[in-house]
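Participant:
Number of protein chains: 2
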Amino acid sequence: MISTRGRYALRVMIDIATNQGDGYVPMKDVALRQGLSLKYLEQILPPLTKHGLLIGIQGKGGGYRLTREPKDYHMSEVLNLTEKDLAPVGCLKEGAPACERKGACKTIAFWEGMDKVIKDYLESYTLADFL
Amino acid sequence: MISTRGRYALRVMIDIATNQGDGYVPMKDVALRQGLSLKYLEQILPPLTKHGLLIGIQGKGGGYRLTREPKDYHMSEVLNLTEKDLAPVGCLKEGAPACERKGACKTIAFWEGMDKVIKDYLESYTLADFL
DNA sequence: CAAATACCTATTGACATAGTAGGTATATAC
DNA sequence: GTATATACCTACTATGTCAATAGGTATTTG
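Here the protein sequences line up with chains A and B, keeping their order. Just so you know, this note's numbering puts the end of the first sequence at 131, numbered straight through with nothing missing. Just so you know, this note's numbering puts the end of the second sequence at 131, numbered straight through with nothing missing.
(1) For V30 of chain A and chain B, any beta-carbon pair shorter than 8 Å?
(2) In chain order, what residues of the same chain lie with their CB nearer than 7 Å to the CB of E123 of chain B, ignoring the 5 residues before and after it?
(3) In chain order, which alpha helix (DSSP H) runs of at least 4 residues are fully inside the region 52-131 of chain B?
(4) With 8 Å as the limit, tell me which residues of the region 102-119 of chain B have their beta carbon closer than that to any beta carbon of chain A; keep them in chain order.
(5) Buried or exposed: where does T49 of chain A fall if 16 or more other Cβ atoms within 10 Å of its Cβ makes it buried?
(6) List, in chain order, every chain B residue whose beta-carbon is nearer than 8 Å to that of I14 of chain A.
(7) Could you tell me which chain A residues have their CB closer than 7 Å to the CB of L10 of chain B, listed as they occur along the chain?
(8) For the structure I just gave you, are there three or more beta carbon pairs, one from the region 14-32 of chain B and one from the region 109-124 of chain A, closer than 8 Å?
(9) At the level of alpha carbons, what is the spacing between K134 of chain B and Q20 of chain B?
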């Protein structure tokens, strides 16, 4: 359900929070510390920088920093940006075509409820809870 | 996260509960009513009969029946039998090899908590809630 | 005996996952 | 001002899963 993209993104965020001090953290160091592929991490980060969760500075001495306090990163945001979709069933995904059986569907409320308990849980956790 | 196997299984259970009366419900009829492939449904049902949630009678006049009251089927059981795995991350799957980083892992409690809210939700719903 | 049913196993096309690979742009350090 | 270190970008690939389709066998009833 949650792929390596989301899980690695979380580990990267924790690593940066732990190691940034007042400088920038090169992803090469994160990859080494976490035992993950640098090239793969490079594919996972763009959505996080594009949406302003991280700032990335190019060039020698560059790297990544958080842009907020750890308590202001909710897991719902991090995982929404790195996972394809968090909805438990296809018909609840964003941009999904309307289900033709929707009117008669006896299960939709059940799946919506499941979607809600997951989203609520992810909203309740922040990056600060991992430090 | 939840595939068609689990979703169809639920629809089949509801359909049988609704239509069984005091006889047996042929899967062909269920497939027609639900607009699903009979051949596909036939692949989904075996775990449910093997574990005694349904009884299947072969031969003319045969079909399927529930073996319990609808209120005694929890969604956790139905989905556990029809889905590969409900765990949100690989390291929590049944039979998964122990994670080598487990001791130092800062995220495991978070994923375990997510696993729990999902399982609790599924436990709270029974087949009777769909009728 | 014929028909209807559950039950079993193999195959397939499409797609997602988890990377690998190679390159470009940009800023710093010397 | 050149080499170096970094972020950033795009293409490719091997593997596996999903969602069926397909064709058959076993069993019971009418």
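Just so you know, even glycine gets a beta-carbon here, dropped at the ideal spot from N, CA and C.
Facilitator: On the basis of the data shown:
(1) The residue you call residue 30 of chain A lines up with position 30 of the first sequence. Not closer than 8 Å to any Cβ of chain B, the Cβ of V30 of chain A fails to qualify, so no.
(2) In the second sequence, residue 123 of chain B corresponds to position 123, counting from 1. The residues are H74, S76.
(3) 75-82, 108-124
(4) K106, T107, F110, W111, G113, M114, V117, I118
(5) Position 49 of the first sequence, counted from the first residue, corresponds to residue 49 of chain A. T49 of chain A is exposed by the Cβ-count criterion.
(6) Along the first sequence, one-based indexing puts residue 14 of chain A at 14. Neighbours of I14 of chain A on chain B, chain order: K106, T107.
(7) On the second sequence, residue 10 of chain B is found 10 positions in, with the first residue counted as 1. What L10 of chain B touches in chain A: T107.
(8) no
(9) Absent from the structure is residue 134 of chain B, since the part of chain B shown begins at 1 and ends at 131.
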